[in-house]
Amino acid sequence: MIVHVGLSHRTARVELREQLAIVQDDVPAFLDELVRSTPIAEAMVLSTCNRVEVYGALPRGASSDAPRLEEACAALAARLAARGTPEVGAALVKRTGTPALHHLFRVASSLDSIVIGEPQILGQLKDAISTATEHGALGALLGKALHRALFVGKRVRTETQIGAGQVSVSSVAVDLAVQIFGDLRGKTALMVGAGEMAESAAKLLVKEGARLIVVNRSRERAEKLAVEVGGEARDWGELNWCLIESDIVISSTSSPTFVITLEAMKTARKARRGRSLFMIDIAVPRDIDPAVADLDGVYRYDIDDLEQIVAESLAGRAAEAEKAEQIVLAEVRAYEARAAEQAMSPVIVGLRARVRASLATELERSLSGKLKHLGPADREALAIMIDAATNKICHRPTARLKALANEPRGYEAVETLTDLFDLPESLGKEDDEAGSGEESGKQQRAGAPDERASSAKERAS
3 MIVHVGLSHR TARVELREQL AIVQDDVPAF LDELVRSTPI AEAMVLSTCN
53 RVEVYGALPR GASSDAPRLE EACAALAARL AARGTPEVGA ALVKRTGTPA
103 LHHLFRVASS LDSIVIGEPQ ILGQLKDAIS TATEHGALGA LLGKALHRAL
153 FVGKRVRTET QIGAGQVSVS SVAVDLAVQI FGDLRGKTAL MVGAGEMAES
203 AAKLLVKEGA RLIVVNRSRE RAEKLAVEVG GEARDWGELN WCLIESDIVI
253 SSTSSPTFVI TLEAMKTARK ARRGRSLFMI DIAVPRDIDP AVADLDGVYR
303 YDIDDLEQIV AESLAGRAAE AEKAEQIVLA EVRAYEARAA EQAMSPVIVG
353 LRARVRASLA TELERSLSGK LKHLGPADRE ALAIMIDAAT NKICHRPTAR
403 LKALANEPRG YEAVETLTDL FDLPESLGKE DDEAGSGEES GKQQRAGAPD
453 ERASSAKERA S
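Letter by letter, the sequence shown follows residues 3 to 463 of the numbering used here.
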């Protein structure tokens, strides 16, 4: 059972999402904070321009009933809400169990992206998994679900045409520029930033015929991108001058504050002598002060403004999106069936072994006492009777457990039987670890809260 808490473009405006945005360098410390101060033992943070989400799993062997899952969700939500205004806390979406798994698989399949079918989300998810793994935040439960999500995302892209054509936030931003100007030949485009999204946008701008200027805090990265796409690199200190000579600005940096301020734009506007400037901000947190849109001749769009263009582009992929939704639903059902079987089988085997051992012990006592006169044939008949008795005694609880496999009560029944019959807590451990090893490189975390807290403190120091 996994839990999920977060915001996305579907549930919150960009001004709320940017309050929760977590830069890559801060993710490890935040993961440590989550496993140290909440009920979860495993965690992963997915922070992109479209979403900020935390996925978690309870400690191994902990009760997975609804109250425990809700408690974990509430604790995660409190940690995220503390990073923003009260409005952010009210907007957080919380999911547990099947809804959380379903959402994860939809995210990996790009069905929850602002541009359905965009390929970037799989890379972003892989990076988030790698970060969580490297810092010891993934174990058997969450790790297995996350790596299955990657498989589902790849399956959707292989078995459907959901990603046909140019489908990304960057491509939509350039499409908007083309709609505005009709033709980008003879136009000067300023690309602020040199990351993955900036690179995609830069290539498309040059393809459309625009003259490209690249500005980035790292001159080296700006030059690398400019050489690759056929543009011109400028120093970061020349940004304000570049605003004067450009017709289009697309900005995509990881800056926590505005890189293009209202004052800078006021200065540039005077020097532009009435020429219009179209600015497209695809960064979260936003790069361009929204107030620049109030200036005459300045037209600013942010990532939320791209949704209308996106909606138009989705019309031709609606059927493929529906195919993808069906694949996701089938994968969720299959995953939960496998998980339930893995949880039930060791307990059933353990229960049968416990019952048979008890009966065999009593039989041995009798064969050493009052029944010691019995010959080999009679002793063999009694051994067969023990097997039959074991089957009969265990038949009803076995059938009932299998019937409850996909229900929350099934996990409660497993815990009850384990407790009543004093079954070893290690039952099923090999199955879990084998599954995790196949899909997540056998990354594990300690199950006890005290051990997790100690481990987190050691990493923090």
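We put the CB at the ideal spot given by N, CA and C, even for glycine.
When you compare the CB positions of residue i and residue j, do they come within less than 8 Å of one another, or not?
i      : j      : result
ILE164 : SER202 : no
ASP249 : LYS189 : yes
GLU55  : HIS6   : yes
ILE123 : LEU148 : no
ILE24  : ALA59  : no
ALA191 : ALA212 : yes
THR392 : VAL357 : yes
VAL231 : LYS268 : no
LEU353 : LEU406 : no
ALA45  : ALA139 : yes
GLY233 : LEU214 : yes
ARG340 : GLY299 : no
VAL294 : LEU264 : yes
PHE280 : ALA166 : no
LEU361 : ILE388 : yes
GLU247 : PHE107 : no
ARG53  : HIS11  : yes
LEU36  : HIS137 : no
VAL416 : ALA345 : yes
LEU127 : LEU48  : yes
ASP306 : VAL16  : yes
THR133 : VAL29  : yes
Could you pull out every residue in the same chain whose Cβ sits closer than 8 Å to the Cβ of residue i, ignoring the five residues on either side in sequence?
i      : result
ILE541 : Residue 541 lies beyond the stretch modelled for the chain, which goes from 3 to 463, so this question has no answer here.
LEU369 : LEU376, ARG381 and LEU384
SER170 : VAL117, GLU120, PRO121, GLN122, MET199 and SER202
THR13  : ALA93 and VAL95
LEU186 : ALA179, VAL180, LEU207, GLU210, GLY211, ALA212 and ILE250
HIS105 : HIS6, ARG97 and ASP114
Quick test of your reading: residue i and residue j, contact by CB under 8 Å. State the CB separation rounded to the nearest angstrom.
i      : j      : result
ALA74  : PRO61  : Rounded, the Cβ-Cβ distance is 10 Å, inconsistent with contact.
VAL109 : LEU18  : No, VAL109 and LEU18 are not in contact; Cβ-Cβ is about 18 Å, not under 8 Å.
LEU78  : LEU22  : About 12 Å; that fails the 8 Å criterion.
TYR303 : SER278 : Not a contact, Cβ separation roughly 13 Å.
With DSSP as the reference, label residue i as helix, strand or coil.
i      : result
MET3   : coil
ILE42  : coil
ARG19  : helix
ASN146 : The residue you asked about is not Asn; residue 146 is Lys in the sequence shown. Three-state DSSP puts LYS146 in a helix.
ALA379 : helix
ALA235 : strand
ASP177 : helix
ARG62  : coil
LYS156 : helix
LYS374 : coil
VAL416 : helix
ALA84  : coil
PRO426 : coil
VAL229 : helix
HIS105 : helix
GLU120 : coil
ILE164 : coil
GLY352 : helix
HIS397 : helix
VAL25  : coil
SER170 : coil
Using DSSP bridges, identify the partner residues of residue i.
i      : result
ILE2   : Residue 2 is absent from the model: the chain starts at 3 and stops at 463.
THR190 : ARG213
LEU48  : GLU55
MET281 : VAL251 and ARG302
LEU9   : VAL54
VAL90  : None; VAL90 has no bridge partner.
THR98  : VAL5
Give me, in chain order, the residues of the same chain whose beta-carbon lies closer than 7 Å to that of residue i; leave out the 5 immediate sequence neighbours on both sides.
i      : result
ASP237 : ARG221
GLU20  : VAL286, PRO287 and ARG288
ALA336 : none
THR255 : VAL194, GLY195, VAL261, ALA285 and ASP289
ALA76  : none
ALA273 : ILE246
Enumerate in chain order the residues of its own chain whose CB-to-CB distance from residue i is below 6 Å, with the five nearest sequence positions on each side excluded.
i      : result
ILE252 : ALA175, MET193, ALA203 and ILE282
ALA102 : ILE4, VAL5 and HIS6
LEU241 : VAL217
LEU308 : VAL174
THR400 : ILE350
ALA31  : none
ARG150 : TYR337
ALA266 : ASN242
SER456 : Below a pLDDT of 50, predicted positions are generally treated as unreliable, and SER456, at 38, falls in that range; the measurement from the model is reported next regardless. Excluding sequence neighbours, SER456 sits near nothing in its chain.
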